[in-house]
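Novice: Residue numbers (this note's numbering): 5 to 106. A single structure is presented below for examination.
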């Protein structure tokens with residue numbers, strides 16, 4: 005599924021000559037399609053029908069930036085409880101998360 009999502013992303017400003025800091029997604033192929041990642045400081049909306057892995061993609065990006073790079077991250081949901089979020093992260097293999105910080 006991630007591969008099909010990456011295939012649909014068009015290349016965005018890959019060689020403008022600007023030195024723009026980007027946040028890596030750590031999703032194979034997606035960073036390259038985005039010209040190195042998501043532009044730092046931009047707000048991104050992941051939209052789609054239920055069950056299309058929107059939350060999983062967002063959690064993956066945040067987890068990898070927090071765990072691999074030590075970045076501070078923020079996840080806001082008006083639908084998911086803390087317990088539901090922890091279960092989703094556990095199901096994605098994110099078992100080393102400090103639950104007191106969620």
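Glycine residues also receive a C-beta, built at the ideal position from the N, C-alpha and C atoms.
So, helix, strand or coil for residue 44, using DSSP?
Specialist: Within the chain shown, residue 44 is the residue found at index 40, counting from 1. DSSP places residue 44 in coil when its eight states are reduced to three.
Novice: Looking at the secondary structure, which residues open and close the alpha helix (DSSP H) in which residue 91 lies?
Specialist: Counting from 1 along the chain shown, the entry for residue 91 is found at position 87. Counting along the chain, the alpha helix (DSSP H) containing residue 91 begins and ends at 86–95.
Novice: Within 10 angstroms of its Cβ, does residue 29 collect 16 or more other Cβ (buried), or is it exposed?
Specialist: Within the chain shown, numbered from 1, the residue matching residue 29 stands at position 25. Looking at its Cβ environment, which holds 16 or more other Cβ atoms inside 10 Å, residue 29 is buried.
Novice: Does the beta carbon of residue 89 fall short of 6 Å from some heavy atom of the ligand ZN?
Specialist: Absence of the ligand ZN is noted for the structure shown, with no ligands found whatsoever.
Novice: Identify, in the order they occur along the chain, each residue of the same chain with its Cβ nearer than 8 Å to the Cβ of residue 44, setting aside the five sequence neighbours on each side.
Specialist: To locate residue 44, count along the chain shown from 1; it is residue 40. Contacts found: 24, 25, 26, 27.
Novice: Using 7 Å as the threshold, is the C-beta distance between residue 49 and residue 62 below it?
Specialist: The residue given as residue 49 occupies position 45 in the chain shown. The residue given as residue 62 occupies position 58 in the chain shown. No; because the gap between Cβ atoms is not below 7 Å, this pair is not in contact.
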